[in-house]
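Residue numbers (the numbering used here): -5 to 117.
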């Protein structure tokens, strides 16, 4: 590979990082259209025991504690940050993707359902 070609790839890195950040922000802010269309019914058949197990085994609380302090539960408090069930599921999927956790879709839904039950309580 020529040095010129390598440097052009390096020049794209900040652009790709910005695109990834903006796509992630749409999940964080609940503005991704497919996610906003999903209501509470996405959690109806969720396996809550599985969600609890995955949260425990993946040490989600420990990761959140490192990021926000305390026991990590303060991450759930900002009002309006996650404003729909679909956005909540999308945020769990975002963590799954960014951290390379390898959860299957039904596992993501199970985790989101536990968060819905314990923290968000959407109606």
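Positions of the beta carbon are idealized from the N, C-alpha and C atoms, including for glycine. In this text, all values refer to a predicted model and were calculated from it rather than measured experimentally.
Handout entry: residue 104 versus residue 96 - alpha carbon distance
Key = 14 Å
Handout entry: DSSP three-state assignment for residue 78, whether helix, strand or coil
Key = coil
Practice task
Can you have a look at residue 40 and say buried or exposed, based on whether 16 or more other CB atoms are within 10 angstroms of its CB?
Solution key: buried
Practice task
Kindly indicate if chain B contains any beta-carbon less than 9 Å away from that of residue 49.
Solution key: Judged by its chain identifiers, the structure shown contains no chain B, having just a single protein chain.
Exercise for the section: Quick one: give me the first and last residue of the alpha helix (DSSP H) that residue 105 is part of. Expected result: 99 to 109
Problem - Assigned exposure category for residue 56 - 16 Cβ within 10 Å defines buried - result: exposed
Problem - Residue environment, residue 98, which counts as buried when at least 16 other CB atoms sit within 10 Å - result: exposed
Practice task
Report the residue from 64, 79, 60, 61 whose alpha carbon sits nearest the alpha carbon of residue 110.
Solution key: 79
Handout entry: As assigned by DSSP and simplified to three states, the class of residue 117
Key = coil
Exercise for the section: Could you please give the first and the last residue of the uninterrupted alpha helix (DSSP H) stretch that includes residue 55? Expected result: 54 to 62
Practice task
Measure the Cβ-Cβ separation of residue 45 and residue 92 and say whether it is below 9 Å.
Solution key: no
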